[in-house]
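Working notes, beginning with the structure itself.
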Amino acid sequence: MGMPSDAATLINADIRDYLSTGHTGEFDGVISDAPYGLGITADRRSGSHWDTSGIAFDPSFWSALRQVVRPGGNLASFGHSRTGHRQATAIEDGGWRIVDSVAHVKSHGFNPGNRGIDTELNRTGFEDLSSDYTGYTSHLKPAYEPITLARNLQRNESLVGAIANGGTGGFHTAALRIPTDDLGRARTPGRVTPSAAWSVSRPAIRSTPAPDGRHPTNILFEHARGCVASACSEDCGLRAIDEQGRTKYADGKDRPSRFFSSLKYAPRAPLSERPRVNGVSAPTVKSQALLEWLCTLVGVKHGTTWLDPFCGSGAVAEAVVRAGGRVVSVDLESSYVELARARFRRLDLAWEA
Numbered sequence: 001m002g003m004p005s006d007a008a009t010l011i012n013a014d015i016r017d018y019l020s021t022g023h024t025g026e027f028d029g030v031i032s033d034a035p036y037g038l039g040i041t042a043d044r045r046s047g048s049h050w051d052t053s054g055i056a057f058d059p060s061f062w063s064a065l066r067q068v069v070r071p072g073g074n075l076a077s078f079g080h081s082r083t084g085h086r087q088a089t090a091i092e093d094g095g096w097r098i099v100d101s102v103a104h105v106k107s108h109g110f111n112p113g114n115r116g117i118d119t120e121l122n123r124t125g126f127e128d129l130s131s132d133y134t135g136y137t138s139h140l141k142p143a144y145e146p147i148t149l150a151r152n153l154q155r156n157e158s159l160v161g162a163i164a165n166g167g168t169g170g171f172h173t174a175a176l177r178i179p180t181d182d183l184g185r186a187r188t189p190g191r192v193t194p195s196a197a198w199s200v201s202r203p204a205i206r207s208t209p210a211p212d213g214r215h216p217t218n219i220l221f222e223h224a225r226g227c228v229a230s231a232c233s234e235d236c237g238l239r240a241i242d243e244q245g246r247t248k249y250a251d252g253k254d255r256p257s258r259f260f261s262s263l264k265y266a267p268r269a270p271l272s273e274r275p276r277v278n279g280v281s282a283p284t285v286k287s288q289a290l291l292e293w294l295c296t297l298v299g300v301k302h303g304t305t306w307l308d309p310f311c312g313s314g315a316v317a318e319a320v321v322r323a324g325g326r327v328v329s330v331d332l333e334s335s336y337v338e339l340a341r342a343r344f345r346r347l348d349l350a351w352e353a
């Protein structure tokens, strides 16, 4: 698969150093997968402890990032359910205007090391307390991750005003509309009778599906393995929403999930999307299905240039290029830059160092 020769630029540097060298207004937007600041992710082979830097919680970093983005430009930043609030606060304190967040919801999360409290009490010599904590654990199964959406707008500046003055921005929602059909009506045929709240009567009025589909939502559900167009598998979270103990929402009937954006099953990025070089691989690789949806939302297209401030293995960069954009990817770890190069070689994607 051939790609434009200037589609991607990979830079081995601290993103803060890169931002200090200029680039004002160079980018149409930013897609960031910053370290979550959990302090639990270290690469033993490379010796990296990148998840302890706290950069995602530093308002000055987000302020500097804002300077390189055109007026109105979008920022989409992945976070963690435990620390995402700190990142969002830093983004806002850095001068960005937060406009929304997307909850990426999935049913196949896994929480390693979540042992029972009774087991730990027994292990540490407090057997007398363990029986009171049978069935207790310290964490929930991770099922969602927040994605903060923000714009580079001045105080009292409107998005339309920014665009009119040479800026950019907005969400390409038309490309992400939720398909509808006759089984996805907003209401079923019937009669709405007068009530204390509404003095209307609509005998046998039948709704018709929106011809272009429903507006995308800020909840993005991910189907489980085994789901097909006509029905969800038993362990799919969307199926649980649809059923809710009501036979009305059996397969082929009006289902509540029809109102929400969804992805086909996209598990933790497969090995084909997780390059490994000299025994090193990135631990938190986003799937291309998820990134494709996000790139579409924020407006990645031909003629746009995007900044990927935490390159990792190059997953964001690949998604931007696949969507037709150009990307500059920066990473402090030379081993991760090599992962991105390996990814691009596999894709026959030319890159600039």
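The opening residue of the sequence shown carries number 1 in full-length UniProt numbering; numbering runs sequentially from there.
Ideal Cβ placement from N, Cα and C applies to all residues, glycine included.
Just so you know, these numbers come straight off a predicted model, no measurement behind them.
Starting from residue i and walking both ways along the alpha helix (DSSP H), at which residues does that stretch end?
i	result
G161	L159 to A164
F171	Per DSSP, F171 belongs to no alpha helix (DSSP H) and is neither H nor E.
V316	A315 to R322
I15	I15 to L19
L297	Q288 to V298
T9	No alpha helix (DSSP H) holds T9; the beta strand (DSSP E) holding it covers A8 to N12.
G84	G84 to D93
L129	E127 to S130
T24	Counting along the chain, T24 falls outside any alpha helix (DSSP H), and DSSP gives it neither H nor E.
R177	From DSSP, R177 is part of no alpha helix (DSSP H); its letter is neither H nor E.
A56	Neither: A56 is in no alpha helix (DSSP H) and is coded neither H nor E.
L38	First-last for L38: undefined, no H or E at that position.
V285	Unbroken run through V285: none, as it is neither H nor E.
S81	S81 -> no alpha helix (DSSP H), and no H or E assigned at all.
L347	Premise fails: L347 is in no alpha helix (DSSP H) and is neither H nor E.
R123	I117 to R123
For residue i and residue j, I'd like the C-alpha separation in whole angstroms.
i	j	result
V105	R177	18 Å
S334	D118	43 Å
S81	F27	28 Å
W62	V285	22 Å
R97	R346	38 Å
N278	D17	Note that N278 scores 45 on pLDDT, short of 50, meaning its location in the model is unreliable and no value can be drawn from it.
N122	L140	21 Å
I11	D331	7 Å
W293	V300	10 Å
D132	G84	33 Å
A34	H302	25 Å
S32	A317	10 Å
L159	S287	30 Å
R214	T173	10 Å
residue 411	A56	Missing from the structure shown is residue 411; the chain here goes from 1 to 353 and no further.
G8	V321	Going by the sequence as given, residue 8 is Ala instead of Gly. Rounded to the nearest angstrom, the two C-alpha atoms are 7 Å apart.
C295	G161	23 Å
I155	L129	The identity of residue 155 in the sequence shown is Arg, whereas the question assumes Ile. About 56 Å.
G166	V69	12 Å
A64	D212	39 Å
F310	I15	8 Å
P189	F221	Unreliable positioning characterises P189 in this predicted model, as indicated by a pLDDT of 46, which lies under 50. The coordinate reading is nonetheless provided below. Computed Cα separation, rounded: 28 Å.
I91	L75	9 Å
T134	P142	21 Å
R341	G314	8 Å
S329	P179	34 Å
D308	F78	12 Å
L149	T137	33 Å
N152	G169	9 Å
A319	G25	22 Å
S46	R86	Confidence in S46 is poor, its pLDDT being 46 and thus under 50, which makes the residue's placement unreliable; the coordinate value appears in the next sentence. So the two alpha carbons sit approximately 28 Å from each other.
L290	T124	42 Å
G94	R66	8 Å
G37	A103	19 Å
V337	A13	10 Å
V280	G39	Bear in mind that the predicted position of V280 carries a pLDDT of just 44, short of 50, making it unreliable; the figure below should be weighed with that in mind. Looking at the two C-alpha atoms, the distance is approximately 19 Å.
Y249	I163	Summary for Y249: the model assigns pLDDT 46, below 50, so the residue's position carries little reliability; its value from the coordinates is reported in the next sentence. Taking the straight line joining both Cα atoms gives about 44 Å.
T21	E127	59 Å
P216	V99	15 Å
G324	A175	15 Å
G54	T89	13 Å
E157	N218	23 Å
P203	Y144	At P203 the pLDDT is 49, less than 50, meaning the model places this residue with poor confidence; the figure from the coordinates comes in the next sentence. Using only the alpha carbons, I get a separation of about 42 Å.
Just confirm the distance between the C-beta atoms of residue i and residue j, as a whole number of angstroms; I'd bet it's less than 8 Å.
i	j	result
W306	G29	6 Å
S101	P59	With 8 Å as the limit, S101 and P59 do not qualify as a contact, their Cβ atoms being about 18 Å apart.
F171	L339	The pair is not a contact, with the Cβ atoms about 30 Å apart (cut-off 8 Å).
R343	D6	Wrong, their Cβ atoms sit about 17 Å apart, outside the cutoff.
Just curious, the beta strand (DSSP E) that residue i is in, first and last residue?
i	result
V99	R97 to V105
R151	Y144 to R151
A76	V69 to F78
G213	Counting along the chain, G213 falls outside any beta strand (DSSP E), and DSSP gives it neither H nor E.
R326	R326 to D331
F27	F27 to S32
residue 398	The chain is shown from 1 up to 353; residue 398 falls before or after that span and cannot be answered.
Can you confirm whether residue i, when its beta carbon is compared against all beta carbons of chain B, has any partner nearer than 8 Å?
i	result
G73	Of the chains in the structure shown, none is chain B; there is only one protein chain.
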